[in-house]
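The structure appears below as structure tokens.
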Amino acid sequence: MAVIFCDSNILYADIDSDRYDVIRAIARTEHRVCIPAVVRDELVARKVIAYRAAQTALSAAAAKFAKGAPWIQVPPLSPALDESAAQEYWKGVYADVFEIVPTPAGAADAALEREAYCDKPAKPDENAEGGARDVAIRLTVVDFLHRDPRDEVYFVSANRKDFGDGTSFAPMLERDLSHHRHRFTLSASLESAIEAVTKPVEAPDEGTAFVDPLVSDETSVKVAGAAVHDRRFRDGWSAVDLDHPGGTRYPRVFARERAGTPVTLLIDVTNGTAHRIGEDTWHIATARWALAGLAAHDPASDPGAPTVTMTGAVWRTRMLIGTVPGEAPGVLKSEAIEDPGHGDGPCNDTLKQAATLWRESHSSGEVLLRARVEQQLRRQRLHAFIDTLPGRATAPNGDIPPFTTDTALDAATTVVRWLSPRINAQLNADLTADEED
Numbered sequence: 006m007a008v009i010f011c012d013s014n015i016l017y018a019d020i021d022s023d024r025y026d027v028i029r030a031i032a033r034t035e036h037r038v039c040i041p042a043v044v045r046d047e048l049v050a051r052k053v054i055a056y057r058a059a060q061t062a063l064s065a066a067a068a069k070f071a072k073g074a075p076w077i078q079v080p081p082l083s084p085a086l087d088e089s090a091a092q093e094y095w096k097g098v099y100a101d102v103f104e105i106v107p108t109p110a111g112a113a114d115a116a117l118e119r120e121a122y123c124d125k126p127a128k129p130d131e132n133a134e135g136g137a138r139d140v141a142i143r144l145t146v147v148d149f150l151h152r153d154p155r156d157e158v159y160f161v162s163a164n165r166k167d168f169g170d171g172t173s174f175a176p177m178l179e180r181d182l183s184h185h186r187h188r189f190t191l192s193a194s195l196e197s198a199i200e201a202v203t204k205p206v207e208a209p210d211e212g213t214a215f216v217d218p219l220v221s222d223e224t225s226v227k228v229a230g231a232a233v234h235d236r237r238f239r240d241g242w243s244a245v246d247l248d249h250p251g252g253t254r255y256p257r258v259f260a261r262e263r264a265g266t267p268v269t270l271l272i273d274v275t276n277g278t279a280h281r282i283g284e285d286t287w288h289i290a291t292a293r294w295a296l297a298g299l300a301a302h303d304p305a306s307d308p309g310a311p312t313v314t315m316t317g318a319v320w321r322t323r324m325l326i327g328t329v330p331g332e333a334p335g336v337l338k339s340e341a342i343e344d345p346g347h348g349d350g351p352c353n354d355t356l357k358q359a360a361t362l363w364r365e366s367h368s369s370g371e372v373l374l375r376a377r378v379e380q381q382l383r384r385q386r387l388h389a390f391i392d393t394l395p396g397r398a399t400a401p402n403g404d405i406p407p408f409t410t411d412t413a414l415d416a417a418t419t420v421v422r423w424l425s426p427r428i429n430a431q432l433n434a435d436l437t438a439d440e441e442d
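Spelled out as structure tokens, the structure:
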């Protein structure tokens, strides 16, 4: 089995490139593709810094527009800077692609010490600064090599100056590798490491190798489940309102809450490739899916009053299709949520079919599903309102409403917070009774 470790300098610009689809395919086999936690943190930091700069640029552009067109009332374009959310998002992105290997105990202190002594890959000049992170990366890979004495380890880094050219290493690294040196390979490019464990093969006919496996019911269920948990749909997504067609296209909405699992149907397949990994051949292709189901969204006429309608979205993915009989294809990468376009296109035709299938499978429960989602929205708005109340008091858990507080404002706030869970409990009880009826 091969284990590929990647340095940050080869991952800066290519996280969404096609070769990462191959990495995802490799990770689903017996081989492993890893990055040290230090590398993950470097990559995330670059994304957060770029987000910070984009936020500043957006605020400046909004202010400039407001100054140049004072007669136009434009809502704030720049959401509040949330670096914690950005960090969590990008950590999730890299965790979806790579296995994250934690920094071993003591490696951070050892890295700082080696930096002070100018031991490569730290900077070799006492007047220079830095290099401790490179040392921590190397120590993470070496520790893995010693703990797992069976696997071939490939370390991919473009930093040949500090890590070496792959044929000889600095004395400290030679000592670290010890008798495991024969299982360690330093590669200057990701392609060379990928070539060591894969072989490109000619892509077969798209109809039989790509389309046929993707139109199965099992694949549709698998893709629907992936969509429910995909981060692109987590905080709302661009969709169309299939209940209210308007002209040549359905009105666009911003959906926020889904009622159950959507129905998914394949729209088309493009960009198919094939790769041999070990004894198996894997096909990778871009697939567009029509997703339809009940969801809450903000209508354009009243953004503050969400409504629940049949909504549709077009989801573009990269799919991994194995050749093992009975194994359903899986989603390698979520690429984008696309605009379905005008009403006479293939996207909208497939969305209509998906909506029809959803209604056929929920013929007796659609009304209750709408009611449940609307109830959840009411609860969310109630909680959001309570959180804005200025009182400091927290509500106790007892059955008797609290009335003894410092001020009248605190008293009112505390009573509202005490009532909130009880109102929710009654709403749930009413809805449960409706379902039983």
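Residue numbering for the sequence shown follows the numbering used here, starting at 6 and increasing by one per position.
Ideal Cβ positions, reconstructed from N, Cα and C, are used throughout, including at glycine.
When DSSP states are grouped into helix, strand and coil, MET6 belongs to the coil group. If you keep only unbroken beta strand (DSSP E) runs of at least 3 residues inside the segment 136-209, you get 157-161, 189-192 and 203-206. Residue environment: GLY327 is assigned as buried (16 or more neighbouring CB atoms within 10 Å of its CB, all protein chains considered).
A direct Cα-to-Cα measurement between GLY350 and ARG254 gives close to 9 Å. Annotation for ASP273: the continuous beta strand (DSSP E) segment containing it runs 268-282. Collapsing the DSSP output to three states places CYS11 in a strand.
GLY317 places its beta carbon 9 Å or farther from that of ALA292. Judged by their CB atoms, VAL336 and ARG323 are nearer to each other than the 9 Å cut-off. Between GLU332 and ARG29, the alpha-carbon positions lie close to 17 Å from each other.
For SER221, the CB contacts under 8 Å within the same chain, skipping 5 residues up- and downstream, are ALA333 in chain order. Collapsing the DSSP output to three states places ALA32 in a helix. In the DSSP assignment, PRO41 is bridged to VAL106. DSSP, reduced to helix, strand and coil, places HIS249 outside both helices and strands of the structure shown, so it counts as coil.
Taking all protein chains in view, the Cβ of PRO41 is crowded by 16 or more other Cβ atoms within 10 Å, so the residue is classified as buried.
Excluding its 5 nearest sequence neighbours in each direction, GLU343 has C-beta neighbours in its own chain below 6 Å: VAL319 and ARG321, listed in chain order.
For ASP354, the three-state secondary structure derived from DSSP is helix.
Boundaries of the alpha helix (DSSP H) around GLU118: 112-121. Distance from the Cα of VAL106 is smallest, within the candidate group CYS123, GLU88, LEU150 and ILE199, for LEU150.
Apart from the 5 residues on each side of it in sequence, PHE259 sits with its Cβ closer than 7 Å to the Cβ of GLY241, SER243, HIS302 and ASP303 in its chain, given in chain order.
A residue is called buried when at least 16 other Cβ atoms come within 10 angstroms of its Cβ; ASN14 does not meet this threshold and is exposed. DSSP places THR328 in no alpha helix (DSSP H); its state is neither H nor E.
Between TYR25 and the set ARG281, TYR99, ILE142 and THR361, the nearest pair of CA atoms involves TYR99.
The three-state secondary structure of HIS302, taken from DSSP, is strand.
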